[in-house]
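Read in the working numbering, the sequence shown has 87 at position 87, and its numbers run on one by one without any break. Where is the CB? At the ideal position from N, CA and C, for every residue including glycine.
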Amino acid sequence: MASVLITYDLITPGKKYAELHEAIKALGSWWHCVESTWIIKSDLSLVQIRDALKKHVDSNDKLLVLGLSGAGAWVGFDKNCSDWLTSNL
């Protein structure tokens with residue numbers, strides 16, 4: 001199972017974030033400790049993840065899906081956020 005970074009910028013006023021958030025959560029185990037940024041664990045390809053989420057964003061919104069290498073460094077997160085990263089990157 002790969003770690004995948006998902007980040008977005010919803011441009012359209014009044015966009016319903018909850019719909020996109022639920023779609024991301026449905027993809028697998030997830031981390032969401034930074035606004036508009038998620039990390040998930042998934043067996044889906046990056047293209048499959050993008051395709052599953054793009055129906056929840058408008059044509060002028062931005063969506064980025066990246067595979068993670070397993071390495072990382074961070075600061076400022078509480079224990080739960082840090083523990084998830086340590087266990088899942």
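Under 8 Å between C-beta atoms of residue i and residue j
| i | j | result |
| --- | --- | --- |
| Ser45 | Asn88 | no |
| Ile39 | Trp31 | yes |
| Ala49 | Ser42 | It should be pointed out that residue 49 corresponds to Ile in this sequence rather than to Ala. Cβ distance < 8 Å, so Ile49 and Ser42 count as in contact. |
Nearest-angstrom Cβ-Cβ length linking residue i and residue j, presumed shorter than 8 Å
| i | j | result |
| --- | --- | --- |
| Leu85 | Leu53 | With 8 Å as the limit, Leu85 and Leu53 do not qualify as a contact, their Cβ atoms being about 21 Å apart. |
| Leu63 | Val57 | 5 Å |
| Tyr8 | Asp61 | 7 Å |
Spatial distance of residue i from residue j (CA atoms)
| i | j | result |
| --- | --- | --- |
| Gly14 | Ser3 | 30 Å |
| Val47 | Lys55 | 13 Å |
| Ala73 | Ser82 | 10 Å |
Residues of its chain near residue i, where Cβ-Cβ distance is below 6 Å and the 5 sequence neighbours each way are ignored
| i | result |
| --- | --- |
| Leu5 | Ile39, Leu66 and Leu68 |
| Leu90 | No information on residue 90 is available, as it lies outside the stretch 1 to 89 that the chain covers here. |
Other residues of its chain near residue i: CB distance less than 7 Å, five sequence neighbours each side excluded
| i | result |
| --- | --- |
| Thr12 | Asp58, Asn60 and Asp61 |
Task: Complete beta strand (DSSP E) runs within the stretch 13-70 (minimum length 3 residues, chain order) - done: 30-34, 37-42 and 62-67
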